[in-house]
Structure formats: structure tokens, C-alpha cells
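There are 2 protein chains.
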Amino acid sequence: MKTYLDCIPCFFTQALNAARLAGADAAVQKDILDRVAAAMPAFSLTETPPAMGKVIHDIIKVAVGSADPYRAVKDESNRYALSLYPAMEKAVLKSDDPLMTALTVAIAGNIIDYGAPSGFDIRAELDRALDTGFAVCDYAPFAARAKGTRSLLYLGDNAGEVVFDRLLIEELRRDVLPKDAAVTFAVREAPIINDATVEDARACGIDGIATLISSGCEAPGTILGECTERFRELFECADMIISKGQGNFESLDAGDRPVFFLLRAKCPVVAEHLGCGVGDMILKAPG
Amino acid sequence: MKTYLDCIPCFFTQALNAARLAGADAAVQKDILDRVAAAMPAFSLTETPPAMGKVIHDIIKVAVGSADPYRAVKDESNRYALSLYPAMEKAVLKSDDPLMTALTVAIAGNIIDYGAPSGFDIRAELDRALDTGFAVCDYAPFAARAKGTRSLLYLGDNAGEVVFDRLLIEELRRDVLPKDAAVTFAVREAPIINDATVEDARACGIDGIATLISSGCEAPGTILGECTERFRELFECADMIISKGQGNFESLDAGDRPVFFLLRAKCPVVAEHLGCGVGDMILKAPG
């Protein structure tokens, strides 16, 4: 997805929110906004929003003097999500349609996102998600594709949220994927906002059920040109790719690859791009 | 009021909305946002938001090659407001408390504002305003002050809205002000967004009931340091000053002058500054 003009004011909102979350005082917040402003004219709308996200968060890292300003926030997200794991696992196992429930749990977990301009309450979101259902729901193609998949690539999104991705992968392994299917879970190369890195995914227990790799991308998304060769090979060869969250959706050029996008549309621009409402849950098949 | 950090993202939203309203194409919109970004680091938060508003709208005027990009929009606002005048006058005249109704009509008219990030529907707003009432309502001091006022200075805000200000001034003249009171209605020196200029105020019929002057200020508010000597003398000597709308509230340093602020709080920053909710109607006495 290219960057829309309406993304530009939002970049400043995100920068301000992120600066505050990183503990910057008012003077540093102003300095961060000024540096984002100074960087804006060089940014082309043909780039994706997460490309500018990287510019913004690099500015914040320098300004607050930390390479991982949200470490404590991410630790807390991981802990909180893990505390919800048993109840969510029970919901999946007891469901009449465990795959559908696991998909819903995974998307509900996507509410953990400090990049989008809103707070979150995961428990309430889980209940809401289970009640509401998906606005776009390519469930049948998703299930059919998974059944024949020997090699699954799953693109993670935020820390904490990975626990809910784990529940979906566990359900896929239990009831849908061939028994010998290989699952690879890819995360960001370096800390950016509260996006999951290898450290977070490990804390969330992904390494026990999937091969855990970095995509190589340092933006809050998956920009193929910035990914490692290993990741790009996996992307080219996987039987199925699950792209989680808005950052991956905004940045990933799926081409003709079998990418299923699983996300909540968190802003008006993405919602309009998808033809849905803000807050809607989306499971979108390729093509 | 100083500029808050939260105003900065909103400056870009305002610039984008205003650029579109001025008919700029996408490339010009991007150029405008880039120029606003380039101007941002030089802007001090000790200045008021309308001071940055002037910078933004000067950029837009140059970019679209028009000194008055919203002329057609303002003409339409003036016409539309005038078409509502008879019904609104009737509402005031039939009211058990004509002054209160006129104040409410005046504040409802303040919904005509392309500077704040929302659309408007005046008829619906008038009904809503009459139902809802004021969140802050220093009505008694307002009425008492007006009774003893021989010289009233009224600071106008937007085109079209002036028709509703006229209804308030007519009611003040009819029932409250001394018969020989002098009323001066001040507007912006030059076109900026849809703010009323002398031309608009005349179109709205103000010149028949008040002395019409320019404040001298070219920002979308009243920055005393930029006003004419004549305006500042009036401001210093008037028995009562009515400041209409958020732009005047944000920019006017009332000092110890008897300024009554009449506005809707249109954004979260101003609402928090005033201790009210977004959309609340305010009639605020001095001190």
C-alpha cells in the first residue's frame, strides 16, 4: 500500500504518542516532532507507511537515547498476553469451530498496538471480537489452503499479540495442517515501537511450535527489499503465508504469492483502502 | 492560549483539509504539507495556534495562486446563513428568554468553521444547541455587564456565522444594551480560511446595526500585537468585549479587559484547556 496524504498528519500523531510512551519530556517531544517535520519533504508517497514509521522511530530512538524505548511496555504486553493464554486456549478447544475461534482470538490480540492512535483493553476486545465476527472473512479458502500446506510462513506483528498467534498456529497444527508441515514465524530485525522481535516471540513461546526467524526488516512491517535472502526465499517458496496486522498489510507487496492478510483495520485510510470500517476484522485471501 | 504539542498533528490535518477545500490537486496538497513541515521547526509553542494558522494559510494561498481560496465557500455560507435568518429571528422573538436564545443561536452558528476538522450541518446544530445548553454559562454576569455597556466591541469569527452574531447583537440592542450604546464589529484584515472579512460581514448585514471594522489581524484569530492602533484603542476602552469562536479564544490575550468568550470547544486541546468536552458550548465571563 502506498502512503496516502491523510497518513501525514497521522505520522505526527504517532510520533507524539510514541515519544510520550518512550518517556520523552515535552522539550524532547517537540524536538522529535521538529525532526519528523524536517524529514517529511524527503519522504515519497510511493513508499509505504511503515517506511516512514522507521524514519520516525529512528528519530525517537536517537532523541531518547535508547535502541529499545518500549522494552518495558513489550515485557508487560508479553506477560499480560501469557496470563490470558489458558482461558483463550480453553475457548478454542471448547469451540464448535476451533479454527474460526482461533482466528478470532488471533485478530483480537492485534489490538495490542501502540503504533495506531488508540489505547487497548484486550479482554474486552476478545469478547467483542468473538461477538462481532469478521467484516471480510475468506475462511473457506483459508482453511482449504491450510489443509494442503506443507510450508507455512507466518509474519508476526506486535509483542504480546504473538501469544494469540501461537494459539492460531497450535490450532492449525492440531486440526488443519498436514502433520509434517513446517511452520516459520518471522519477526522484525530490531526493536521498533512494540513490534515483536525474536526475543519477544521467544518469550511468548513461539519457538516451541515454529521455527523463529527475523525477517531482516527494521521497519514496523515487512518491506521485501529490506528483508534477508533467507526470508525472501521462504516467502517465494512457502505454500501459504499469513500476514498479521496492519503494518505488514501496509508494507508487504504480496505479488502473486498466497498471502492471507489477517488484521484489524485500525485507521480510516486502511479501512477505505479495504472497503471496510475502522476497527473491522479482516481475513483476506490472495487475489 | 499557547500552542500544545497535540496541536502539531492537527496543523497538518487542517492544512490538508484546507488545501483540498481550496481545490489543490494531490501533488499540490503534498507540496503544501511539505512546506508546512518545513515551517514547523521554526514555530515556537509560546505562540498561539492561530499564529501557525496564518503560516499555513499563507502557504496554501501561494500554492494555489489565490489570495482568497475560499471565496466561493464563504459566499455560500453567507447565503445559507441569511436564508436561516427569518426562522432564527422568530425563535429569538418568540422565546421566553430572548437573550439566552440569541446566545444559543450565535454559538450554534459557530459550527460554520472549515478550520476545525469536521463537517457541519447548521440546522441540526441549531436544534442540538437549543436542546443541549451551555457547558459553561456565565449568563448572569454577561447580562449584567451588557446592561451597563455604552461601548461594545464584538470580535467576529467565520463568514456566514456573522448572521447569527447579528441576531445576538440585535437582541442586545432590543432588550439589554442602553439605547445609545455604540457597537463595533471587528473582523479579519484579509481573507484567511473562511474567516469573516469586512466584505462578509457586510454581506451578512452587520453594517446596518454596528460599526464595521477590520481588527488589522491577518491570522485566524485576534493577536493584539498585529492589530491596528484603532482596534487596540477600542479594545482598551470598550465597556464590554464579546470574543466569538475558538480562533479568537486561542489567540486573544484578554489581560484585565472585560472579555466574554462565546465559543464551541472544537478540539480536545481547547476542551481540556477549558475543562469541558469537545463540542461543548461555552459562555465564559472574565477572570
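The listed protein sequences correspond, in order, to chains S and B.
Just so we're on the same page, the working numbering is the position in the first sequence counted from 1, plus 470.
Just so we're on the same page, the working numbering is the position in the second sequence counted from 1, plus 470.
Glycine included, every Cβ here is placed at the ideal spot set by N, Cα and C.
Rounded straight-line distance, which links the Cα of residue 658 of chain B to that of residue 741 of chain S: Within the first sequence, the letter at position 271 stands for residue 741 of chain S. Within the second sequence, the letter at position 188 stands for residue 658 of chain B. Near 39 Å, if we compare the C-alpha coordinates of residue 658 of chain B and residue 741 of chain S.
What do you reckon, are the CB atoms on residue 710 of chain S and residue 728 of chain S nearer than 7 Å? One-based indexing of the first sequence puts residue 710 of chain S at position 240. One-based indexing of the first sequence puts residue 728 of chain S at position 258. One thing to note: residue 710 of chain S has its Cβ within 7 Å of the Cβ of residue 728 of chain S.
For residue 575 of chain B, which of B/613, B/636, B/494 has the nearest alpha-carbon? For this step, residue 575 of chain B is matched to residue 105 along the second sequence. Nearest option by C-alpha distance: B/636.
Going by beta carbon distance, what residues of the same chain come within less than 7 Å of residue 516 of chain B, once the five residues before and after it are set aside? Here the question's residue 516 of chain B lines up with position 46 in the second sequence. Cβ within range, chain order: 472.
For residue 624 of chain S, three-class secondary structure by DSSP: Taking the first residue of the first sequence as 1, we reach residue 624 of chain S at position 154. DSSP places residue 624 of chain S in the strand class (E or B) of the three-state scheme.
Which residues in chain S have a C-beta closer than 7 Å to the C-beta of residue 511 of chain B? List them in chain order. Along the second sequence, one-based indexing puts residue 511 of chain B at 41. Near residue 511 of chain B (Cβ distances below 7 Å), the residues of chain S are 504, 507, 508.
Rounded separation between residue 670 of chain S and residue 543 of chain S - CA only: Sequence index remark: in the first sequence, residue 670 of chain S carries index 200 (1-based). Sequence index remark: in the first sequence, residue 543 of chain S carries index 73 (1-based). Going from the Cα of residue 670 of chain S to the Cα of residue 543 of chain S covers about 11 Å.
DSSP three-state label for residue 522 of chain B, please. To locate residue 522 of chain B, count along the second sequence from 1; it is residue 52. Residue 522 of chain B falls in the helix class under three-state DSSP.
For residue 657 of chain B: DSSP bridge partner residues: As a position in the second sequence, residue 657 of chain B is number 187, starting the count at 1. According to DSSP, which records beta bridges pairwise, residue 657 of chain B is partnered with B/684.
Can you say whether residue 667 of chain S is buried or exposed, counting buried as having 16 or more other CB atoms within 10 angstroms of its CB? Counting from one through the first sequence, the residue named residue 667 of chain S turns up at place 197. Classification of residue 667 of chain S: buried, given that the 10 Å Cβ count is 16 or more.
Selected residue, minimal CA-CA separation from residue 689 of chain B, among B/557, B/523, B/602: Locating residue 689 of chain B in the second sequence gives position 219, counting from the first residue. Per the Cα distances, B/523.
Give a yes or no on whether 7 Å exceeds the smallest Cβ distance from residue 587 of chain S to chain B. The residue labelled residue 587 of chain S in the question sits at position 117 within the first sequence. Any reading at residue 587 of chain S needs caution, since the residue's pLDDT is 40, under 50, leaving its predicted position unreliable; the model's value is listed next. Using a Cβ-Cβ cut-off of 7 Å, residue 587 of chain S does not count as an interface residue toward chain B, since no Cβ of chain B sits closer than that to its own.
Inter-residue Cα distance where the pair is residue 678 of chain S and residue 652 of chain S: Numbered from 1 along the first sequence, position 208 holds the residue referred to as residue 678 of chain S. Numbered from 1 along the first sequence, position 182 holds the residue referred to as residue 652 of chain S. Going from the Cα of residue 678 of chain S to the Cα of residue 652 of chain S covers about 12 Å.
Going by DSSP, what residues sit across from residue 730 of chain S in a beta bridge? Stepping through the first sequence from its first residue, residue 730 of chain S is reached at position 260. Within the DSSP secondary-structure output, residue 730 of chain S pairs in a beta bridge with S/712.
Using the C-alpha atoms, what's the distance from residue 695 of chain S back to residue 779 of chain S? Nothing can be reported for residue 779 of chain S, as the shown portion of chain S is limited to 471 through 757.
Span separating the alpha-carbon of residue 587 of chain S from that of residue 615 of chain B: By 1-based counting over the first sequence, the position of residue 587 of chain S is 117. By 1-based counting over the second sequence, the position of residue 615 of chain B is 145. Model confidence at residue 587 of chain S stands at a pLDDT of 40, short of 50, so the residue's coordinates are unreliable and nothing is read from them.
List the residues of chain B whose Cβ lies closer than 9 Å to the Cβ of residue 491 of chain S, in chain order. The residue labelled residue 491 of chain S in the question sits at position 21 within the first sequence. Residue 491 of chain S does not reach chain B, its nearest Cβ partner there being about 14 Å away, counting only Cβ pairs nearer than 9 Å.
N- and C-terminal bounds of the beta strand (DSSP E) containing residue 754 of chain B: Taking the first residue of the second sequence as 1, we reach residue 754 of chain B at position 284. Unbroken beta strand (DSSP E) run through residue 754 of chain B: 751-754.
Grab me the residues of residue 624 of chain B's own chain with a C-beta within less than 6 Å of its C-beta, minus the 5 sequence neighbours each way, in chain order. By one-based count along the second sequence, residue 624 of chain B stands at place 154. Hits under 6 Å: 655, 712.
CB contact check: residue 530 of chain B to chain S, cutoff 7 Å: The residue you call residue 530 of chain B lines up with position 60 of the second sequence. Chain S, which has no Cβ nearer than 7 Å to the Cβ of residue 530 of chain B, makes this no.
Could you tell me whether any Cβ in chain B is nearer than 7 Å to the Cβ of residue 479 of chain S? Within the first sequence, residue 479 of chain S is the residue found at index 9, counting from 1. At a cut-off of 7 Å between beta-carbon atoms, residue 479 of chain S makes contact with chain B.
If you draw a straight line from the alpha carbon of residue 603 of chain B to that of residue 594 of chain S, how long is it in whole angstroms? Taking the first residue of the second sequence as position 1, residue 603 of chain B is located at position 133. Taking the first residue of the first sequence as position 1, residue 594 of chain S is located at position 124. When rounded, the separation of the alpha-carbon atoms in residue 603 of chain B and residue 594 of chain S is 34 Å.
Residue 478 of chain B to residue 514 of chain B span [Cα, whole Å]: Translated into positions along the second sequence, residue 478 of chain B becomes position 8. Translated into positions along the second sequence, residue 514 of chain B becomes position 44. Computed Cα separation, rounded: 11 Å.
In its own chain, which residues sit with a C-beta less than 7 Å from the C-beta of residue 701 of chain S, not counting the 5 before and 5 after it? Locating residue 701 of chain S in the first sequence gives position 231, counting from the first residue. 656, 683, 685, 686, listed in sequence order.
Supposed close pair residue 530 of chain S, residue 489 of chain S - CB separation, criterion 8 Å: If you number the first sequence from 1, residue 530 of chain S lands on position 60. If you number the first sequence from 1, residue 489 of chain S lands on position 19. Approximately 6 Å separates the beta-carbon atoms of residue 530 of chain S and residue 489 of chain S; this is inside 8 Å, confirming the contact.
Residue 748 of chain S - DSSP class collapsed to helix/strand/coil: What you label residue 748 of chain S is simply residue 278 of the first sequence in a count that begins at 1. Residue 748 of chain S falls in the coil class under three-state DSSP.
By alpha-carbon positions, which one of B/546, B/554, B/540, B/607 ends up nearest to residue 573 of chain B? Looking up residue 573 of chain B in the second sequence gives position 103. The residue with the shortest Cα to Cα distance from residue 573 of chain B is B/607.
Member of S/537, S/612, S/649 whose CA lies at the smallest distance from the CA of residue 569 of chain S: Indexing the first sequence from 1 puts residue 569 of chain S at position 99. Answer by Cα proximity: S/612.
Less than 7 Å separating the beta-carbons of residue 691 of chain S and residue 718 of chain S? The residue you call residue 691 of chain S lines up with position 221 of the first sequence. The residue you call residue 718 of chain S lines up with position 248 of the first sequence. Yes, they are a contact pair.
Any Cβ of chain S within less than 7 Å of the Cβ of residue 701 of chain B? The residue labelled residue 701 of chain B in the question sits at position 231 within the second sequence. So no, residue 701 of chain B is outside the interface.
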